[in-house]
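Beneath this line is the structure, given in structure tokens, with notes to follow.
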């Protein structure tokens, strides 16, 4: 099946309220153009250098999402164009995004990453840290970023019950955060292998790569 066929097949299964981020990391521009020609406009990358090169070469109405772990010193390279940063995991990083966005007179949307998986290797805040950051005075003063929700990744496992449980816990945190900050409207959870479970648990944004572009 072609990229366009894969894309249309996935889109047909998504509720209207769920946004699809096509994960194009490591994929050539020709693949992105194929998805673009099939109507896809939101693409996710996990390396800033690669994303910047694609931004320079591809149509300007593409929304670029940074879905990987972000190093503070790399923010400046994407501040000019990035639409949404999924994996914000520190106040220090928020400060830097705000600083770099100001240089371009932009407001960059961000999601706070929550650690819900069993793997220690995954990044993110826990519940206590999340509440601390939302209630921090500094958080309220950022003028060039808009924190619009949360992001999380479930444990890489075949145990569906565990995945459901992790997504459920993230949705509860999202509802709690939303009650404290009305800007929260995005819950990014679910990838190729588990996005249907994520949607069942309340995800509003899914990040799908291999099911669209094929395995790397």
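Numbering (our numbering), first residue to last: 24 to 239. Even glycine gets a Cβ: it sits at the ideal position worked out from N, Cα and C.
With DSSP collapsed to three states, give me the class of residue i.
i, result
"residue 235", "helix"
"residue 106", "coil"
"residue 40", "coil"
"residue 27", "helix"
"residue 63", "coil"
"residue 72", "helix"
"residue 187", "helix"
"residue 136", "strand"
"residue 125", "helix"
"residue 220", "helix"
"residue 130", "coil"
Figure out for me which residue from the options has the closest Cα to the Cα of residue i.
i, options, result
"residue 214", "98, 37, 56 and 28", "37"
"residue 68", "48, 57, 103 and 39", "48"
"residue 202", "157, 163, 169 and 178", "157"
"residue 206", "162, 94 and 57", "162"
"residue 179", "204, 193, 216 and 194", "216"
"residue 73", "232, 52 and 233", "52"
Taking only the alpha-carbon atoms, compute the straight-line gap between residue i and residue j and give it to the nearest angstrom.
i, j, result
"residue 173", "residue 181", "24 Å"
"residue 132", "residue 170", "6 Å"
"residue 113", "residue 153", "10 Å"
"residue 183", "residue 160", "39 Å"
"residue 218", "residue 30", "14 Å"
"residue 198", "residue 137", "13 Å"
"residue 76", "residue 98", "15 Å"
"residue 101", "residue 66", "14 Å"
"residue 141", "residue 230", "20 Å"
"residue 129", "residue 103", "8 Å"
"residue 200", "residue 235", "32 Å"
"residue 226", "residue 62", "22 Å"
"residue 186", "residue 35", "23 Å"
"residue 115", "residue 24", "44 Å"
"residue 50", "residue 192", "32 Å"
"residue 148", "residue 155", "10 Å"
"residue 64", "residue 188", "31 Å"
"residue 126", "residue 118", "13 Å"
According to the Cβ coordinates, are residue i and residue j closer than 8 Å?
i, j, result
"residue 167", "residue 121", "yes"
"residue 90", "residue 41", "no"
"residue 81", "residue 150", "no"
"residue 220", "residue 44", "no"
"residue 54", "residue 71", "no"
"residue 59", "residue 33", "no"
"residue 190", "residue 177", "yes"
Can you list, in chain order, the residues of its chain whose CB lies under 8 Å from that of residue i, leaving out five sequence neighbours each side?
i, result
"residue 134", "107, 108, 109, 110, 111, 170, 171, 172, 173, 174, 209 and 211"
"residue 92", "69, 110, 112 and 146"
"residue 57", "25, 26 and 27"
"residue 222", "37, 38, 41, 213 and 229"
Only counting the same chain, and skipping five residues up and downstream in sequence, which positions put a Cβ closer than 7 Å to that of residue i?
i, result
"residue 105", "87, 89 and 131"
Short of 6 Å in beta carbon distance, which residues of its chain neighbour residue i, apart from the five on each side in sequence? Order them along the chain.
i, result
"residue 78", "87 and 104"
"residue 194", "224 and 225"
"residue 123", "98, 99 and 102"
"residue 233", "215"
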